[in-house]
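Chains as they are written, first to last, in the numbering used here: chain A, 1 to 96; chain B, 1001 to 1397.
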């Protein structure tokens, strides 16, 4: 109940006070440059990595990126820059 | 992306990690703030990535805690380059030593060639050069320059009239002109002896010929002293007359000497500075500190550094500062006269033959005006007054 309440307050604040959502709600911010680069902030760690697939843990759920010839250009505790040919970006929710 | 160049200076390594739980391993690394980049997958369960050299120690504990095996593949960056440079420093040192040796050898004296001297003189010259420090294997910086070698040689060796010293590369070429000791002139042709100047004859020594004058005779210049024609009337014979006729001659010498005179003398204090000049830049090597001399004379010796046959724009400069002092000499009247007399005596001696003798002197007049001593001295000199005069054939007496 308390968690839901907190989320509600945050949602309300971002809506009414025009604060950026990613900061307020710990959501990932994903920046893509065409198919070749993807830059994800606010992730919670690497789950799986191969040259065709990257799976990242988020605060809520996971992010699955598929493609070809993946190279992690930079990896920091909350940021990751991936290079390669990106075919799809999929959210996988916990709640499902 | 971080600045790659800075990473390069610090050094970086490529790591291969294989095994299960690579992802967990990477997460552990990122959480402990170890920067990794260029993470690539190679087949199943093995990745390569790059990291900083300074983080290598930290990675080991993480690797132990996970199921991964790590392997270091490639080392790059300045620290490794330095290591390699150090390992191969022998080459660089060798190259440097090579140039140093060539530079050293290019500035050595490698030969001394003496031309135009007979073996005895040559030996003497070599000995003299040795004394000066000019010999094979000496560095040219510490050897006198060509002019002073030339001067010293011609001063110290009597058998040579002139010596030309030339430095060609590393060899000294000496061109020697030997003194041909003039032989005693033998007057084979018949001659008379006549008087050179006005004199009273004091002593006579006739080797050959017939003396026509006697002691205490007063002779005029050109007067016949010893005749070269001997024998009785009608059976005369001409001979080269030989002999010495000493006559008393008179000279007058006048000297003007200021009582007060200033001149410059070296005090004996000197300072030597060594420097290396490159173009216009002068780098002192030895002899620092400023000069305390108020007045000095500067002697500069410059020696270009040679490399094989080329002269480099570098030169070794040796500067000698000699302190100069101004000395004022003031004579009293009496001293002034003495000094003037002395000077007059010296003057007369220098104008006479070696075997001339000063018999007496008489001061004609002495005065002092405007701070100057004027003195006139009359000298009585005994010297050889004979002079040869050839007898021309066909001349009748």
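A virtual CB, placed ideally from N, CA and C, is assigned to each residue, including glycine. Computed from a predicted structure; not experimentally measured.
Roughly how many whole angstroms lie between the Cα atoms of residue i and residue j?
i: residue 16 of chain A; j: residue 1071 of chain B; result: 53 Å
i: residue 1344 of chain B; j: residue 1233 of chain B; result: 50 Å
i: residue 1244 of chain B; j: residue 1389 of chain B; result: 14 Å
i: residue 1113 of chain B; j: residue 1099 of chain B; result: 27 Å
i: residue 1064 of chain B; j: residue 1054 of chain B; result: 18 Å
i: residue 1317 of chain B; j: residue 1102 of chain B; result: 21 Å
i: residue 1294 of chain B; j: residue 1325 of chain B; result: 9 Å
i: residue 1150 of chain B; j: residue 1122 of chain B; result: 14 Å
i: residue 1364 of chain B; j: residue 1348 of chain B; result: 15 Å
i: residue 989 of chain B; j: residue 1321 of chain B; result: Outside the shown range of chain B (1001 to 1397) lies residue 989 of chain B, about which nothing can therefore be said.
i: residue 72 of chain A; j: residue 1059 of chain B; result: 18 Å
i: residue 1261 of chain B; j: residue 1118 of chain B; result: 49 Å
i: residue 1397 of chain B; j: residue 1366 of chain B; result: With a pLDDT of only 46 at residue 1397 of chain B, under 50, the local geometry of the prediction cannot be trusted, and the value read off the model is given with reservation. Roughly 50 Å separates the two Cα atoms.
i: residue 1273 of chain B; j: residue 1289 of chain B; result: 10 Å
i: residue 1409 of chain B; j: residue 1155 of chain B; result: Look at the range of chain B in this structure, 1001 to 1397, and you will see that residue 1409 of chain B is not part of it.
i: residue 1267 of chain B; j: residue 1139 of chain B; result: 31 Å
i: residue 1082 of chain B; j: residue 1007 of chain B; result: 15 Å
i: residue 9 of chain A; j: residue 18 of chain A; result: 13 Å
i: residue 75 of chain A; j: residue 1084 of chain B; result: 31 Å
i: residue 1204 of chain B; j: residue 1157 of chain B; result: 37 Å
i: residue 1005 of chain B; j: residue 1169 of chain B; result: 49 Å
i: residue 1384 of chain B; j: residue 1133 of chain B; result: 46 Å
i: residue 1353 of chain B; j: residue 1359 of chain B; result: 14 Å
By DSSP's criteria, residue i is part of a beta bridge. Which residues make up the other side?
i: residue 81 of chain A; result: A:39, A:74
i: residue 1205 of chain B; result: B:1244
i: residue 1318 of chain B; result: B:1274, B:1301
i: residue 1139 of chain B; result: B:1108
i: residue 1036 of chain B; result: A:75, B:1051
i: residue 1392 of chain B; result: Answer is none; residue 1392 of chain B lacks a bridge partner.
i: residue 88 of chain A; result: A:66
i: residue 1251 of chain B; result: B:1379
i: residue 1261 of chain B; result: B:1329
i: residue 1042 of chain B; result: Residue 1042 of chain B pairs with nothing; no bridge assigned.
i: residue 1115 of chain B; result: B:1175
Would you give the residue range spanned by the alpha helix (DSSP H) that residue i belongs to?
i: residue 1048 of chain B; result: Element bounds for residue 1048 of chain B: not the alpha helix (DSSP H) but the beta strand (DSSP E), 1046-1052.
i: residue 1148 of chain B; result: 1146-1156
i: residue 1062 of chain B; result: 1056-1065
i: residue 44 of chain A; result: Unbroken run through residue 44 of chain A: none, as it is neither H nor E.
i: residue 1093 of chain B; result: 1089-1106
i: residue 1338 of chain B; result: 1333-1350
i: residue 60 of chain A; result: First-last for residue 60 of chain A: undefined, no H or E at that position.
i: residue 31 of chain A; result: Looking at the DSSP string, residue 31 of chain A is not in any alpha helix (DSSP H); the run it does join, the beta strand (DSSP E), is 29-33.
i: residue 1124 of chain B; result: 1119-1132
i: residue 1375 of chain B; result: Per DSSP, residue 1375 of chain B belongs to no alpha helix (DSSP H); it is in the beta strand (DSSP E), 1372-1384.
Could you spell out the range, first to last residue, of the beta strand (DSSP E) harbouring residue i?
i: residue 1359 of chain B; result: 1357-1369
i: residue 1016 of chain B; result: 1012-1019
i: residue 1213 of chain B; result: Neither: residue 1213 of chain B is in no beta strand (DSSP E) and is coded neither H nor E.
i: residue 1165 of chain B; result: 1160-1168
i: residue 1072 of chain B; result: 1068-1076
Closer than 7 Å, Cβ to any Cβ of chain B: which residues of the segment 26-59 of chain A, in chain order? 45, 46, 47, 48, 49, 50, 51
So, do the segment 1247-1257 of chain B and the segment 1371-1384 of chain B have three or more beta carbon pairs nearer to each other than 8 Å? yes
Going along the chain, which residues of the segment 1026-1040 of chain B sit with their C-beta nearer than 7 Å to a C-beta in chain A? 1026, 1027, 1030, 1031, 1036, 1037, 1038, 1039, 1040
Quick check: the segment 1172-1179 of chain B against the segment 1358-1377 of chain B, are there 3 or more CB pairs under 8 Å? no
Quick one, which residues of the segment 63-80 of chain A are near chain B if we go by CB-CB under 8 Å, in chain order? 70, 71, 72, 73, 74, 75, 76, 77
Using 8 Å as the threshold, is the segment 1214-1225 of chain B in touch with the segment 1189-1201 of chain B, meaning 3 or more CB pairs across them? yes
Contact the segment 1011-1023 of chain B vs the segment 1036-1051 of chain B: 3+ CB pairs below 8 Å: yes
Contact set between the segment 1290-1309 of chain B and chain A, restricted to residues whose Cβ is under 9 Å from the partner: none
State whether the segment 76-87 of chain A contacts the segment 49-68 of chain A, with contact taken as three or more CB pairs (one from each stretch) at a distance under 8 Å. yes
Taking a cut of 9 Å between CB atoms, which residues from the segment 1012-1023 of chain B lie near chain A? 1022, 1023
The segment 1014-1024 of chain B / the segment 1034-1050 of chain B touching (three or more Cβ pairs under 8 Å): yes
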